[in-house]
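If you're matching positions, the sequence shown starts at 1 in UniProt numbering and goes up one per residue.
Backbone N, C-alpha and C define an ideal beta-carbon position, used for all residues, glycine too.
None of these values were measured; they are calculated from a predicted model.
Each remark here refers to the structure printed beneath this line.
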Amino acid sequence: MKETEINFTIGSKSAISLESLVLSRALIVRETIQGYYFKHLGSLL
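Okay, structure coming up:
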């Protein structure tokens, strides 16, 4: 492999891991917000 190919592979792998990190963080935040709202709705009902 040429050096540019190696750099491209490393770059795309880090981009994928960063994207999955952001996605998992967004899912955690969404579940936390949903759980928060469900608790308050449950206490109101």
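Compute the Euclidean distance between the alpha carbons of residue i and residue j, then round it to the nearest angstrom.
i, j, result
"Ser43", "Phe8", "53 Å"
"residue 46", "Glu3", "Residue numbering for the chain in the displayed model covers 1 to 45; residue 46 lies beyond these limits and cannot be assessed."
"Lys39", "Ile6", "49 Å"
"Tyr36", "Arg25", "16 Å"
Helix, strand or coil for residue i, going by three-state DSSP, please let me know.
i, result
"Lys2", "coil"
For chain B, is any of its Cβ atoms less than 9 Å away from the one on residue i?
i, result
"Glu3", "Of the protein chains in this structure there is only one, and it is not chain B."
Those runs of the alpha helix (DSSP H) which lie wholly inside the stretch 10-35 and span at least 4 residues: none
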